[in-house]
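Here's the structure we're looking at; comments come further down.
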Amino acid sequence: MTEQEVRMSDPPKPEQRTIYSASGWEIFGRNFLAGMAQALGHILIYLLFVAGVFAVAFRFLWPVVQPYVDIYKQSLESLQMIQSFTPGYVPTEEAGTEQNMEDVPSYEGTSQPSQPTMGLNPDQLRQAQELLQQMQQGGN
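Here is the structure:
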């Protein structure tokens, strides 16, 4: 084989590209993709870090905080029950809201309940008595 035959059988070598021979858009595209990949990697690492912190906090801090949260929830339930026994309190259909006092019918000009129960039904009276007994037992 001659030298000329060897040259023709070899595949042509790819053109050596330098930064000077690349177009501006090609450089921009490559750098943009590299930046996006780096940003997504940082976001993933950040989310893993936050998940780890929450897992550790939940595992070690929640047993310490849980009794206080339970007491807080019980107190709120008791306050809501007591508030439902107050005269003039009319719950609306939306949870957690009350009507204005102007919307509540007043007892002026009519006979008010003669009993000290302020017109509560027997179930509400029983619940109030049970709640009062629980509060008295808790205080002793």
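Add 97 to a position in the sequence shown, counting from 1, and you land on the number used in this note's numbering.
Even for Gly, the Cβ is constructed at its ideal location relative to N, Cα and C.
Just verifying my parser: in three-state terms, what is the DSSP assignment at residue i?
| i | result |
| --- | --- |
| Asn-128 | helix |
| Ile-116 | coil |
| Lys-170 | helix |
| Pro-111 | coil |
| Phe-182 | coil |
| Met-232 | helix |
Considering only the alpha carbon of each residue, which of the options lies closest to residue i?
| i | options | result |
| --- | --- | --- |
| Gln-224 | Gly-235, Ile-179, Gln-234 and Tyr-165 | Ile-179 |
| Ser-181 | Trp-159, Val-147 and Gln-221 | Gln-221 |
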